[in-house]
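Worksheet: one structure, shown below.
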Amino acid sequence: MLNSAYFLNLVVNGVVEGIIIALAALALTLVFGIARFPNAAAGDTMTLGAYAGFGAQSLLGGSIVLASIFAMAVTAAVSVFFYYTVFRKLARSSVAALIASIGIAFMLRSGITFFLGHDQRAFDIPIVRAVPIGPVRIVPSDLTLAAAALGALAVVFLVLYMTPLGRRMRAVADDQALARASGINAHRVMIMLWVLAGSVAGLAGTLLGIKTIITPEMGWDLLLPAFAAAILGGIGSPVGAVLGGLLLGVAQEVSTPFVGFTYKIGLGFVVLLLVLLIRPNGLLGRGEAVR
Amino acid sequence: MENYLLAVAIIGLIYMLLTLGLNLQYGFTGLINFGHVGFFAVGAYTSALLGIQGLPLVIGFAAAMVTAALTAYPIGLLSLRLRVEYLAIVTLGFSEAIRLVIINEGWLTKGVQGITNIPTLNQASGLGISASLLTFILLILANGLAILGIRRLTKSPFGRVIEAIRDDEDAVRALGKDPGRFKVRVFMIGASLAGLAGAFYAHYIAYIVPDQFLPLLTFYIWVAMIMGGAGKVSGAVVGTGTLVLFLEGSRFLRDVVPWVSAVEMASVRLGVVGLALVLLMLYRPGGIMGDYTSR
C-alpha cells in the first residue's frame, strides 16, 4: 500500500533511526579526524552503554534519564581507559590502532556475554501509542529520543566550536604536526576526544536499546552503517556525520518496501562503496592527504 | 584419541590455507583484508552446491577456487582506489554482505537452514580409507603445494614487486610498474586459497550454514598470521599451529574449570582473541617468527 502517508511514516521513522546512526557516526568521525584511525570498538562501546544503562535502571530503578547519564559516564571512562592503555601507544600507526580496536571490540563483547549472557534485554519504559499528526503517526518516546540526541549533538558542537579546548581539537584534526608545533598539549586534547566520543557512543547505544532491544551484537551491527554515514557526510566533519546519519537512516527506511527487510541492513554497505568510489570526500569533507 | 587428533589437524590445515592466503595479501603486499571469511564462504557454498548435484569433487574444488578468485576481482579493483583503512572497512562489509546474500537467497543456498549431506571426500572417490584420513592427506598436499607456490612467487620478480608495493607504493610507480595489476592478482590468489579451504571445509563437515562464516573467523586468521609473523611463509605455519593449540586447548580448559559452560567458553575465546590482537599490536607486532612488513 504505497501511498504518500506510508512513505511519510517511513521518512519519519528513518529520521529517528538516522539520529541514532548520526550519534554513532559522530563518535567515529571525531576519532578518525583527531586520532586518525577508524575505531572499530565504537560499536561495542555502544553496546556497553546500552547494557550499562539497563543495569543502572534495573538496580537503581526508574529514571531512564539517570540511566542514560550513567551509561555515558561508563562508556566515557572505558574509552579513556583504552586510550591510556592502548591507543596512546599506537598513535604512530593507524593500521595497528585499527586492529587493536577490533581486539577491544571483541573484548568488550566477550565481557558482556560472559557476565550477562546472550539474552535480549529491554529497558523498562511505559508502552506508548503512536499519535497521529496529520497523515503521520509519531510515537512520543521517539520525540524524546530525538530530543536527547539533539541535546547531545548540541553539547558536542558547543565544545568543538565554542571552547578553547574544542578549538585545539579541531587544530589537531586539521594538522597534527602544526598543532603540536604551536604548543597544543595533545594529551589533554586526546582525553577530551575520548570522553566526547565515548559518551556519544554510550548515548547512541542507550537510545538504540530504548528504541529497539538490547542484544550483545547491537553495536557491532550498527558499525557499518555508522561508518557509511560518517564517510557519506565526509569523514572528519561532525556536521557531515550528522547529515550522513540522517540521510542513511531515511534511505534505509524508504528502501525497505523495495529491497526487503534483510537487505536494508546491506544498504549501508552499498552507500559506503558508492561514496568511496565516486566522491571519497563525502558531502562535506575536505581533501585530505593520503597515507 | 587419534580420531580427535586427526580432526584437529584437519581444521588446522584448513586454517593454514586461509592464513597462507591472507599472509600473501597483507604480509607480503600490505593489503588489509578484513573480509577473508567471505571468500571462504564462497568456496564452501560453491563446492557444496556442485557436490550435492552429483558433480565430481574435483570440479567442485576447482570451481570453489575460481569463484572465490572472481569474487575477489572487484575487491582487488577497489583496493586500488581506497586507503588502507577504508579497504579494511569495505572488506569487512563485503564479507557480511556475502553472508546476507547467502541468508537471503535461500532458493540457491537454502538460507539459514544450510546445506546438508554434502558428500565427503571418500564417498565421492570410492576409496576404502576413511573420509578423515583422505581429507587429511589431501590437505597436506594442498598446503604443501600452496607453500611451494607462494615461496616461488615471493622469491620471483613478482614477489619483489609486491613487497615493494607494501613498503613504498609510489616508488613502485616511479619505476614504471603498475601496482594495480599486482594488487588485484594478489587478492585473487589469496582468495582462491580461501576458496579451496572452504571446499575442504564443506566436504569435511558435510553441513554448512551461514553462521559458520562470521567475521570472528577472519580475525582468528589475523591472530594466527600476526602471531606467527606476517610476511613470512613460515610465520603462517607457526601461527596457525599456535592458533589451533589455543582453540583446542580452550576446550580442555573446560575440564579444568568445569563451572564454565560451553557458551561462556565461547565468550572467553572471543575475549582472548581480542586480547591477543591488542597485545600483539602493542608488544610484538612481529610475532614469533619476526616481522618483515614495514610499519
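Here the protein sequences come in this chain order: R and Z. Take the first sequence: its letter number 94 is residue 236 in our numbering, and every next letter is one higher. Take the second sequence: its letter number 290 is residue 835 in our numbering, and every next letter is one higher. Even glycine gets a Cβ: it sits at the ideal position worked out from N, Cα and C.
Nearest-angstrom Cβ-Cβ length linking residue i and residue j, presumed shorter than 8 Å
i        : j        : result
Z:Leu755 : Z:Ile647 : Looking at the sequence shown, residue 755 of chain Z is not Leu but Pro. Their Cβ separation, rounded to whole angstroms, is 5 Å, which keeps Z:Pro755 and Z:Ile647 in contact under 8 Å.
R:Ser210 : R:Ala290 : 7 Å
Z:Gly651 : R:Phe248 : The Cβ separation is near 30 Å, so there is no contact.
R:Pro268 : R:Leu150 : At roughly 26 Å, the Cβ-Cβ gap does not stay under 8 Å, so R:Pro268 and R:Leu150 are not in contact.
R:Ile352 : R:Arg263 : Contact flag wrong, Cβ pair sits at about 11 Å.
R:Ala346 : R:Met188 : 5 Å
Z:Lys728 : Z:Leu576 : 6 Å
R:Val216 : R:Gly344 : 6 Å
Z:Leu562 : Z:Leu741 : 6 Å
Z:Met770 : Z:Gly572 : 6 Å
R:Gly376 : R:Gly424 : 3 Å
Which of helix, strand or coil DSSP assigns to residue i
i        : result
R:Val278 : strand
Z:Ile660 : strand
R:Val157 : helix
Z:Val805 : coil
Z:Ile674 : coil
R:Val432 : Residue placement at R:Val432 cannot be trusted, given a pLDDT of 38 that sits under 50; the coordinates are not used to answer.
Z:Arg644 : helix
Z:Val817 : helix
R:Ile352 : helix
Z:Arg628 : coil
R:Val298 : helix
R:Val273 : strand
R:Arg178 : coil
Z:Arg829 : coil
Z:Ser839 : Note on Z:Ser839: pLDDT 48, under 50, position unreliable in the model; the coordinate value appears next. Of the three classes helix, strand and coil, the one that applies to Z:Ser839 here is coil, per DSSP.
Cut-off 8 Å between Cβ atoms - residues of its own chain near residue i, not counting five sequence neighbours on either side
i        : result
R:Val281 : Val270, Arg271, Ala272 and Val273
Z:Ile685 : Leu558
Z:Ala751 : Thr661, Asn662, Ile663, Pro664 and Thr665
Z:Leu551 : Ser677, Leu678 and Phe681
Z:Tyr765 : Tyr560, Leu788, Leu792 and Val818
Z:Arg796 : Met810
Z:Tyr590 : Ile647, Thr654, Ile660, Gly743, Ala747 and Ile753
R:Leu165 : Ala291, Ala294, Leu295, Val342, Ala343, Leu345, Ala346, Leu349 and Gly387
Z:Arg840 : Residue confidence for Z:Arg840 is low, a pLDDT of 41 falling below 50, so the modelled location carries little weight; the figure read from the coordinates is stated next. Taken in chain order, the residues that qualify are Pro830.
Contacting residues, own chain, Cβ-Cβ under 6 Å from residue i (five flanking each side not counted)
i        : result
Z:Leu679 : Leu666 and Asn667
Z:Thr616 : Val587
Z:Gly583 : Phe639, Ser640 and Ile643
R:Phe179 : Ser236, Ala239 and Leu240
R:Glu159 : Gly391
R:Gly98  : Lying outside 143 to 433, the shown extent of chain R, residue 98 of chain R is not represented and no answer is given.
R:Ile246 : Ala183 and Phe224
R:Tyr193 : Ile254
R:Arg433 : Annotation note: pLDDT 29 at R:Arg433 (below 50); position unreliable, coordinate value reported separately. The answer is none, since no qualifying residue turns up.
Z:Gly566 : Gly735, Leu738 and Ala739
R:Gly410 : Leu366, Pro367 and Ala370
R:Thr398 : Lys406
Cβ shell of residue i (< 7 Å), same chain only, five flanking positions each side left out
i        : result
Z:His748 : Ser592, Gly596, Leu602, Ile663, Pro664, Thr665 and Leu666
Z:Thr763 : Phe579, Gly580, His581, Val582 and Ser640
R:Ala315 : Gly175, Ile176 and Gly378
Z:Gly725 : Leu625
Z:Val618 : Residue identity differs from the one stated: residue 618 of chain Z is Tyr in this sequence, not Val. If we look at Z:Tyr618 and ignore the five residues flanking it on each side, its Cβ neighbours are Val729 and Met733.
C-beta neighbour in chain A for residue i, strict 9 Å
i        : result
R:Arg251 : Chain labels in this structure do not include chain A; the protein chains are R and Z.
- Task: Name, going along the chain, the residues of the region 382 to 413 of chain R whose beta-carbon falls closer than 8 Å to a beta-carbon of chain Z.
- Result: Gly402, Thr404, Tyr405, Ile407, Gly408, Gly410 and Phe411
- Listed in chain order, which residues of the region 175 to 188 of chain R have Cβ atoms closer than 7 Å to some Cβ of chain Z? Phe179 and Pro180
- Query: At a Cβ cut of 7 Å, what residues of the region 231 to 246 of chain R count as close to chain Z, listed as they run along the chain?
  - Reply: Lys231, Leu232, Ser235, Ser236, Val237, Ala238, Leu240, Ile241, Ala242, Ile244, Gly245 and Ile246
- Quick one: complete alpha helix (DSSP H) runs, 4+ long, within the region 546 to 619 of chain Z? 547 to 567 and 581 to 597
- Item | Runs of beta strand (DSSP E) wholly within the region 197 to 246 of chain R (minimum 3 residues, chain order) | none
- Item | Uninterrupted alpha helix (DSSP H) stretches inside the region 386 to 420 of chain R (no shorter than 4 residues) | 403 to 420
- Runs of alpha helix (DSSP H) lying entirely within the region 705 to 756 of chain Z, each at least 4 residues, in chain order: 714 to 719 and 724 to 750
- Message: Beta carbons nearer than 7 Å to chain R: which residues of the region 775 to 798 of chain Z have them?
- Response: none
- If contact means a Cβ-Cβ distance below 8 Å, which residues of the region 265 to 289 of chain R contact chain Z? none
- Query: Residues in the region 815 to 831 of chain Z with C-beta within 9 Å of chain R's C-beta atoms, listed in sequence order?
  - Reply: Leu815, Gly816, Val817, Val818, Gly819, Leu820, Ala821, Leu822, Val823, Leu824, Leu825, Met826, Leu827 and Pro830
- Message: Ignoring anything shorter than 4 residues, give me the alpha helix (DSSP H) runs that lie fully in the region 308 to 368 of chain R, in order along the chain.
- Response: 318 to 323 and 328 to 353
- Query: According to a CB-to-CB cut-off of less than 7 Å, which residues of the region 644 to 673 of chain Z neighbour chain R?
  - Reply: Leu645, Ile648 and Asn649
- Task: Using a Cβ-Cβ cut-off of less than 8 Å, give me the residues of the region 618 to 640 of chain Z that come near chain R, in sequence order.
- Result: Leu623, Arg626, Leu627, Arg628, Val629, Glu630, Tyr631, Ala633, Ile634, Val635, Leu637, Gly638 and Phe639
- Which residues, taken in chain order from the region 200 to 221 of chain R, show a beta carbon closer than 8 Å to some beta carbon of chain Z? none
- Report the residues of the region 575 to 603 of chain Z with a CB closer than 7 Å to any CB of chain R, ordered along the chain. Ile577
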